[in-house]
Amino acid sequence: MITPYLQWKDFDGRDQVFPLSKAEIVIGRKSDADVIVPASQHHVSRLHAKIVATDHGHHLSDLGSTYGTFVNDQRIDTHILRHGDRIAFGANDLEYQYLTREAVHFNSADTSQVIQRSLNDLNRVLPSPASDLENILCVLDFQYQWNQVFTPETGLEQILEAALKISGAERAFIMVRKGDEFGYAAGLDGRGRRLSESHFRTSQSVVRQAVATGKPVSMVEGIEGDFAAQASIVAMNLRAVASMPLYGIPTGGDSPQILGILYLDSTKAMHSLSGLDQRIINKLALDAGNVLERVEMIKSIELRKNLERDLALAEETQRSLLPHELPQMDGFVLRAYCGPTRYVGGDFYDFHVREQGELIGVLADVSGKGVAASLLSSMLLGCLQLLLRAGHALPQAVGRLNGFLHEKASGRFATMFLFSILPDGKGQFVSAGHNPAYWYRASKNEIEELQSNGLPVGAFDFAAFQAGDFSLDVGDVLVVYSDGLTEAENASREMFGEDRLKEVILEHAPHGAVQLDEAMLAAIRGFTRGHTQTDDITIVILQRV
């Protein structure tokens, strides 16, 4: 079976082929992309585009790049590729072609044959076959190891081994940035023995010059100029030293920076590098930069995993504070939903049934998002639960909570809608700076708004709160929500809005709280179509039946 592939010529005029054998191929300047565009192509984003295999062929999609993705000179957002399509990424000088016929098939055996044929060809044309081919083999061997098994340690040691073999140095170190300086990452000597951090000693003046100029410093047959008098060089009796910056795109960055240093030294002269040797050393430095870039990425992934683990624990803790089960009351149907923008958020809801059968409910929206808002909402929920379970009336409970929040979290506040309802449908509410709740009147098939009748909780120490009355008849529905629902946006930055919400309520409330709950969630998902939420979304629905 023919495998579709990308074909292009690199900057040296060599044909390159990439089989599209994976379900998804990412193209960009970042080192973990599947097709890596050279870092010199600054108009190409780190993750620029992707090609996805579907039942209908390969789909090319732009990943929100700054300078765009082009097929046959036309800028596209998404495009079904056809045989012969010409693809360009940004203002990149490279042009890629999508081909579905006469594909080249790659496997490990084929790769070995290609390398062997290349070495045989080089053996016939290079003037110094043994030395040059050994150097080329170092690079090919490293590339093979890079593609097969990657760990930071093996990658760095492979580079050091190749650099030592090509240069004839006695010691080699990879250094990485540690604060304002560069420190030990890996070391190897000419006999292949690992050099630990206790063996780490370098000429800092040579390293500093390489960092300052961004260019290699190389003295292979004697130390020149002011460097000869440097104390570290004299103390180590060095006769040759080299320092080469290793470039890569750091995590969160958008352009190449010096991520590390390849350092070589020797107490005897190192090899005088031929032009080919110099090119191979430069290639090794490029690969070393890619390794360090990947090391940074791995560290970033590990940190993110740890953070995600902590956030998942925080989410579990916050959800444990929400009711595990909604109260079951004769004559009422209760539904509730809470969806934070991140793992945790500042919204919460809670319910409590008092001895006389009175249902107390609350929906609150704490200012801010994320962990800080979550901590504050958890604290408020705990305090409010104590106040309501102690029998305080709604206005008094909110008043005491206001004083507590104003004292303990100056500058932070929460909007809040509390309600109480008796078995006969008579109820009261306190809306502390909250958006209107909607009371669907079944007998009139209309919506009445329960407007805010107080200031946000915690905003002012002098705030006073009062209760308003409402009464649910059979078929009536109370809808309380946080403003994350009506302010949810689609890809065009249009908000869901109150009018759409009212339309959903008028259409589905006559069919009951369960159908209304499902319809509201379906409507918001259909409207946003996966667009990232800008705020937590929380909903409480109460129907009298």
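So in this note's numbering, the last spot in the sequence shown is 550, and the numbers never skip.
Glycine included, each C-beta is placed from N, C-alpha and C at the ideal position.
Being a predicted model, the structure only gives us computed values, none of them experimental.
- Assigned with DSSP and collapsed to three states, HIS513 falls in helix.
- Annotated three-state conformation of LYS449 is coil, per DSSP.
- Excluding residues up to 5 positions away in sequence, TYR342 lie with their Cβ nearer than 7 Å to the Cβ of LEU526 in the same chain.
- GLU298 is positioned such that its CB atom lies closer than 8 Å to that of LEU264.
- Assignment of THR74 by DSSP, reduced to helix, strand and coil, places it in the strand class.
- Rounded to the nearest angstrom, the gap between the Cα atoms of GLU508 and TYR443 is 12 Å.
- In this structure, GLY350 is the residue among THR272, VAL482 and GLY350 with its C-alpha nearest to the C-alpha of LEU381.
- When the beta-carbon positions are compared, PHE356 and LEU368 stay at least 8 Å from each other.
- Per DSSP, reduced to three states, the secondary structure at PHE178 is strand.
- By the C-beta density criterion, GLY489 is buried, having at least 16 other C-beta atoms within 10 angstroms.
- Judged by DSSP secondary structure, ILE365 falls within the beta strand (DSSP E) whose first and last residues are 364-371.
- According to DSSP, residue pairing for SER223 in a beta bridge involves ALA247.
- Residue ranges of uninterrupted alpha helix (DSSP H) with 4 or more members, entirely inside the region 471-509 and ordered along the chain, are 488-491.
- Approximately 5 Å separates the beta-carbon atoms of PRO250 and ALA215; this is inside 8 Å, confirming the contact.
- Runs of the beta strand (DSSP E) lying entirely within the region 364-442, each at least 3 residues long, are 364-371, 419-426 and 431-437 in chain order.
- In the DSSP assignment, ILE238 falls outside any beta strand (DSSP E) and within the unbroken alpha helix (DSSP H) covering 236-240.
- Straight-line measurement puts the Cα of ALA290 at about 10 Å from the Cα of GLN283.
- When beta bridges are read from the DSSP output, SER66 appears opposite LYS55 and THR83.
- Per DSSP, GLN21 is one residue of the beta strand (DSSP E) stretching across 20-24.
- Rounded to the nearest whole angstrom, the C-alpha separation of MET384 and LYS449 is 41 Å.
- With respect to the C-alpha of LEU326, the residue from PHE353, ARG340 and THR346 having the closest C-alpha is PHE353.
- Membership of ILE529 in the alpha helix (DSSP H) is indicated by the continuous run 518-533.
- By alpha-carbon distance to ASP466, the top candidate from LEU25, LEU406, ALA514 and GLU453 is LEU406.
- Counting the other Cβ atoms within 10 Å of the Cβ of GLU162 gives 16 or more, which makes it buried.
- Cβ-Cβ distances below 8 Å link LEU104 to PRO9, TYR10, LEU11, GLN12, HIS88 and GLY89 in the same chain, with the five nearest sequence neighbours on each side left out; the list follows chain order.
- Counting the other CB atoms within 10 Å of its CB gives GLN538 a total of 16 or more, which places it among the buried residues.
- Beta-bridge annotation (DSSP): SER271 is paired with ALA245.
- Residue range 10-14 is occupied by the beta strand (DSSP E) that includes GLN12.
- A straight line joining the alpha-carbon of VAL403 with that of LEU386 spans about 12 Å.
- In this structure, GLY294 lies near GLY253, with their beta-carbon atoms less than 8 Å apart.
- LYS35 sits in coil when the DSSP states are folded into three classes, being neither helix nor strand.
- Nearest to GLU503 by C-alpha distance, out of VAL519, ALA514, TYR486 and SER497, is TYR486.
- With contacts defined by Cβ atoms closer than 8 Å, VAL225 and VAL211 do not form a contacting pair.
- Remark: C-beta atoms of ASN242 and THR272 approach each other more closely than 8 Å.
- For the set ILE426, ASP540 and PRO461, the Cα lying nearest the Cα of GLY416 is the one of PRO461.
- For LEU389 and GLY430, the gap between their C-alpha atoms comes out near 23 Å.
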